[in-house]
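Now the structure itself:
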């Protein structure tokens, strides 16, 4: 028994000896941080001991009570009057977390009104504030996000600590200050489209080109025996059932593609017989619209001739149609009214785009499987938009995009081209995309609030350059438990860029990392 007590005492002494770590110089921290990366550039699990779940709790706010209330979603087009919260350099997306330390009396009044209003309890509107110049007036973005108050705790000094979560996008119609000094806004909920998946009829039921001629002859025989009306009815029903699965925007795209194909069919009078032979030989494959293709996004039809020929669609040539010339009107309708090439649909298939975006995000950030997000492209588009290390004007642009597929396409473009992060003032390169570090379960970028009530959206990097520290390290009110923070400025223009976080416990890894404010960076595309 005495041996057991002695063993525990020795263990406690060792833990106390290891508890505090003298903060090292910045240069040595940079050298040691490189050791935490493996040969592929991804952080090795053996060199990462920090519990990222602690960051997402926002424990620096102290104890906050769960409101135990979940507001209902409003229908698209609904008009509401909500207390308004505007923040410079902050863009809130649906499903993203926004912590607040509310100090200013007008915003305290806004939060209190949100907690007690009858038509939309525990809900307020959050919009990005910005200035055209450093001394210009504050302007509000036209598109924002409703925020549901999830946790709430009044503080003795009159301030309020709040944790909110984004819900629905809205358009800001007008804003005003009510009698209590609280900012209010009239908002209209934006109706979100349903993620689009390419209907099977768009590619699975089309006739292979090597069988097309025989089926056309059978079709002619059927027509000569009075079967034309039945076939036209079947064709019309197939077209109608397909178009019924499309949204209004997607239906316009589909009909535009069909119209272009129809015009081309009437004007094209020559096609190489060699092309016909190649098509007949290569039309033995029929694939899913989500087959891997790293270059389909935004490419021109000419860049996809080989893929279209292998996609078993049976469209794209006109000499085959002229092999059976009578009756011309029916065959023209059959061929030119066929569905567009598969790559057209893949460009706007939300699930294909979600898979591509998720694969790119995992490769860049090294996060675990994102299969759950792939099944919900709308949520994935908001998740990536809220975490991608870009400037807040670009993030506002993503928030304002209507349509899941359009937002995902823009995000894929940014992920493909985004390489360096620069200081917004002097354009000095301070970090690279490949050096992003995930220090929170929310991702490599998140919103945090300091003790003065200022909200900062911070991207975390393992390495940075062109930065100098200012002042001494502080452990109080740290957003990352176990790390002390030191202010960092741009070495060229001396503007504050964020903070250097250094471990205060030798067991913590990484030993250091950088937090860069998104409001202070400029995007650079490759």
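Residue numbers (UniProt numbering): 1 to 526. All C-beta atoms, glycine included, are put in the ideal place defined by N, C-alpha and C. Keep in mind it's a predicted model, so treat the numbers as computed, not measured.
Counting along the chain, the unbroken beta strand (DSSP E) around residue 138 starts and ends at 138-140. With contacts defined as CB atoms closer than 9 Å, residue 518 and residue 395 qualify as a contacting pair. When the beta-carbon positions are compared, residue 414 and residue 380 stay at least 9 Å from each other. For residue 345, the secondary structure class from DSSP, reduced to helix, strand or coil, is helix. Exposed is the label assigned to residue 116, since fewer than 16 other Cβ atoms lie within 10 Å of its Cβ.
Distance from the CA atom of residue 102 to the CA atom of residue 446, rounded to whole angstroms, is 18 Å. According to the DSSP assignment, residue 406 belongs to the alpha helix (DSSP H) that extends over 404-417. Residue state for residue 474 is assigned as strand, using DSSP reduced to three classes. Take the alpha-carbon of residue 490 and the one of residue 423: they are about 7 Å apart. Straight through space, the alpha carbons of residue 159 and residue 108 are spaced by roughly 7 Å.
Taking C-alpha positions only, residue 399 is separated from residue 378 by approximately 12 Å. Here the alpha carbons of residue 153 and residue 49 stand approximately 31 Å from one another. Here the alpha carbons of residue 456 and residue 391 stand approximately 12 Å from one another. Collapsing the DSSP output to three states places residue 456 in a strand. Note on geometry: alpha-carbon atoms of residue 355 and residue 106 lie some 44 Å from one another. Bounds of the alpha helix (DSSP H) holding residue 387 are 377-387. The beta-carbon distance between residue 178 and residue 184, rounded to whole angstroms, is 5 Å. This is short enough to meet the 8 Å contact definition. Between the segment 430-438 and the segment 80-94, the count of C-beta pairs closer than 8 Å stays below three; the two stretches do not touch. At a cut-off of 3 residues, the continuous stretches assigned as beta strand (DSSP E) that sit fully inside the segment 86-134 are 97-102 and 123-131. A direct Cα-to-Cα measurement between residue 452 and residue 61 gives close to 12 Å.
Taking a contact as a CB-CB distance under 8 Å, the pair residue 418 and residue 523 counts as one, their CB atoms being some 7 Å apart.
In terms of Cα proximity to residue 138, the closest of 144, 145, 129 and 146 is 129. With a cutoff of 9 Å on beta-carbon distance, residue 126 and residue 171 are scored as not near each other.
Boundaries for residue 355: no beta strand (DSSP E) harbours it, while the alpha helix (DSSP H) harbouring it runs 350-365, taken from the DSSP string. If you draw a 10 Å sphere on the C-beta of residue 350, you find 16 or more other C-beta atoms in it, and that means buried. Within the UniProt domain "CULT" (418-525), the beta strand (DSSP E) runs of at least 3 residues that lie entirely inside it are, in chain order, 418-423, 429-432, 445-449, 455-461, 467-474, 483-490, 496-503, 512-517 and 521-525. Within the same chain, and ignoring the five residues on either side of residue 466 in sequence, the residues whose Cβ sits closer than 6 Å to its Cβ are 428, 430 and 491. About 7 Å separates the CB atoms of residue 444 and residue 389; that is less than 8 Å, so the two are in contact.
Beta bridge pairing from DSSP links residue 151 with 66 and 163.
Only exposed fits residue 176, as fewer than 16 other CB atoms lie within 10 angstroms of its CB. Boundaries of the beta strand (DSSP E) around residue 185: 183-189.
Within 10 angstroms of the beta-carbon of residue 118 lie fewer than 16 other beta-carbons, which makes it exposed. Between the C-alpha atoms of residue 502 and residue 345 there is a straight-line separation of about 49 Å. Taken atom to atom, the span from the alpha-carbon of residue 114 to that of residue 162 is near 12 Å.
Under the three-state reduction of DSSP, residue 52 is assigned to coil, being neither helix nor strand.
Residue 82 is bridged by DSSP to 185.
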